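Undergrad:
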Amino acid sequence: MFSHFTGNLDLWGLGLFNTLRLTVLGFVLGFFVAIPIALARLGGNPFVSRIASGYVYVIRGTPLLVQIFIIYYGLGQFHREMKDIGLWWFFRDAFSCGLTAFILNSAAYQSEIIRGGIVAVPKGAIEAGASLGLSRWQIFRKIVMPIMLARMLPAFGNELVLLLKASALVSVITVRDVMGQARYLYAQTFDLSVFYVAAVNYLLVILLIEALWRRLEGRSGWLRYEGTT
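If you count by the UniProt record's numbering, then the sequence shown holds residues 1 to 229, one letter each, in order.
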């Protein structure tokens, strides 16, 4: 097993880089897409709210692998139209298609996290802050943000870990991530131990993410304490 790792460090390094790139970009860009979706679901316009709710329902109700296939193979059938509008350069790339699927998928889940965090803020707490003469920024920093962080941070950490594990799916569309490199090496050697190496890669990264996230939650705990003073 170790020979497959030490003898192919360049392949595993590239695979790990692609896995991390896909996970981080999917999570961060998905977050920015999730914000307007969450606000739309909470907004007063019923038409916009239903569209946002329908998007979340469809994305969360279908497998990520199906979404990857639809984007990668489905859009490929319209390559002429994509060329006409100048988007084929992006969607012809397997990684870009996988990233698009990850952004859209993660946005649906993160929008629910954000919506839950906003709903978790009691109106009475905001009214109490206003009655004390706090400005809107002070109310947000000392009352709203600490409550939202307490609700959202653990859920965001879970979503990031789930995205990392789900990133293995993009190997089926020829992306050379960790799993993609394992499949490539297995096709060359027919040695199952390459998948053990891939599993160790995922496990180590997840342990690192969890350690970093615990530190982040610890810092947010200080922020929550400060917000109550």
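Where is the CB? At the ideal position from N, CA and C, for every residue including glycine.
Note that the structure is predicted; figures quoted are calculated from it, not measured.
Can you tell which of Asn45, Thr189, Gly98, Arg50 has the C-alpha that lies nearest to the C-alpha of Val175?
TA: Along the sequence shown, read from residue 1 onward, the residue named residue 175 stands at position 175. For Val175, the nearest C-alpha among the options comes from Gly98.
Undergrad: If you compare alpha carbons, which of Ile68, Trp12, Leu20 is closest to Asn105?
TA: Here residue 105 refers to the residue found at position 105 of the sequence shown. Nearest of Ile68, Trp12, Leu20 to Asn105, Cα basis: Ile68.
Undergrad: Who are the near neighbours of Pro195 in its chain, counting only those whose CB is closer than 6 Å to its CB and skipping five residues on each side?
TA: Looking up residue 195 in the sequence shown gives position 195. It is worth fixing the name first, because residue 195 is Phe in this sequence and not Pro. Closer than 6 Å at the Cβ level, and outside the excluded window around Phe195, lie Ala182.
Undergrad: I'd like the span of the alpha helix (DSSP H) that includes Arg115, first residue to last.
TA: Translated into the one-based positions of the sequence shown, residue 115 becomes position 115. Arg115 -> alpha helix (DSSP H) spans 94-119.
Undergrad: Report back the beta-carbon spacing between Thr23 and Ser167 to the nearest angstrom; my notes put them in contact at under 8 Å.
TA: The residue labelled residue 23 in the question sits at position 23 within the sequence shown. The residue labelled residue 167 in the question sits at position 167 within the sequence shown. So it is a contact: roughly 5 Å between Cβ atoms.
Undergrad: Rounded to whole angstroms, what is the Cα-Cα separation between Lys83 and Gly76?
TA: Residue 83 sits at position 83 when you count from the first residue of the sequence shown. Residue 76 sits at position 76 when you count from the first residue of the sequence shown. Distance between the alpha carbons of Lys83 and Gly76: 11 Å.
Undergrad: Can you tell which of Trp12, Val119, Ile139 has its C-alpha closest to the C-alpha of Gly128?
TA: Position 128 of the sequence shown, counted from the start, is the residue given in the question as residue 128. Note on residue identity: the sequence assigns Ala, not Gly, to residue 128. Looking at the Cα atoms, Ile139 is the closest of the given residues.
Undergrad: Taking only runs that begin and end inside the region 129-182, name each unbroken alpha helix (DSSP H) of 4 or more residues, in chain order.
TA: Runs of the alpha helix (DSSP H) inside the region 129-182: 136-139, 145-166.
Undergrad: In angstroms with no decimal places, state the Cα-to-Cα distance between Ala211 and Arg115.
TA: Looking up residue 211 in the sequence shown gives position 211. Looking up residue 115 in the sequence shown gives position 115. So the alpha carbons of these two residues sit roughly 26 Å apart.
Undergrad: Skipping 5 residues on each side, what residues in its chain have a beta carbon closer than 6 Å to that of Thr19?
TA: As a first step, residue 19 is located in the sequence shown; it is residue number 19 there, counting from the start. Once the five neighbours on either side are set aside, the close Cβ partners of Thr19 are Ser167, Asp177, Val178.
Undergrad: By DSSP, does Thr229 sit in helix, in strand, or in coil?
TA: As a position in the sequence shown, residue 229 is number 229, starting the count at 1. Reliability of the predicted coordinates at Thr229 is poor, the pLDDT of 46 falling under 50, and the value obtained from them is presented with this limitation in mind. Looking at Thr229 - three-state DSSP - the assignment turns out to be coil, as it is neither helix nor strand.
Undergrad: Give the DSSP-derived three-state secondary structure of Trp222 in the structure shown.
TA: Start at 1 with the first residue of the sequence shown, and residue 222 comes out as number 222. Caution applies to Trp222, whose pLDDT of 49 falls short of 50 and renders its modelled position unreliable; the value that the coordinates give is listed next. If DSSP states are grouped into helix, strand and coil, Trp222 belongs with the helices.
Undergrad: Which stretch, first to last residue, makes up the alpha helix (DSSP H) that contains Ile68?
TA: To locate residue 68, count along the sequence shown from 1; it is residue 68. Segment 64-69, the alpha helix (DSSP H) holding Ile68.
Undergrad: On a Cα-Cα basis, can you pick out the residue from Pro46, Val56, Phe47, Arg21 that is closest to Ala34?
TA: Along the sequence shown, read from residue 1 onward, the residue named residue 34 stands at position 34. Considering only alpha carbons, the answer is Val56.
Undergrad: Just the C-alpha distance for Asp93 and Ile118, rounded to the nearest angstrom, thanks.
TA: By one-based count along the sequence shown, residue 93 stands at place 93. By one-based count along the sequence shown, residue 118 stands at place 118. Asp93 and Ile118: Cα-Cα distance of roughly 37 Å.
Undergrad: Between the alpha carbons of Tyr73 and Leu25, how many angstroms are there, rounded?
TA: As a position in the sequence shown, residue 73 is number 73, starting the count at 1. As a position in the sequence shown, residue 25 is number 25, starting the count at 1. Cα-Cα distance, rounded: 22 Å.
Undergrad: Could you round the C-beta distance between Leu169 and Leu64 to whole angstroms and report it? I think they count as a contact, below 8 Å.
TA: The residue given as residue 169 occupies position 169 in the sequence shown. The residue given as residue 64 occupies position 64 in the sequence shown. Confirmed, Cβ separation roughly 6 Å.
Undergrad: Going by DSSP, what residue range makes up the alpha helix (DSSP H) through Phe91?
TA: Against the sequence shown, residue 91 aligns to sequence position 91. It spans 88-91 - the alpha helix (DSSP H) in which Phe91 sits, taken as one unbroken run.
Undergrad: If distances are taken between C-alpha atoms only, which option among Tyr184, Phe95, Ile71 comes closest to Asn8?
TA: Taking the first residue of the sequence shown as position 1, residue 8 is located at position 8. Minimum Cα distance to Asn8 is reached at Tyr184.
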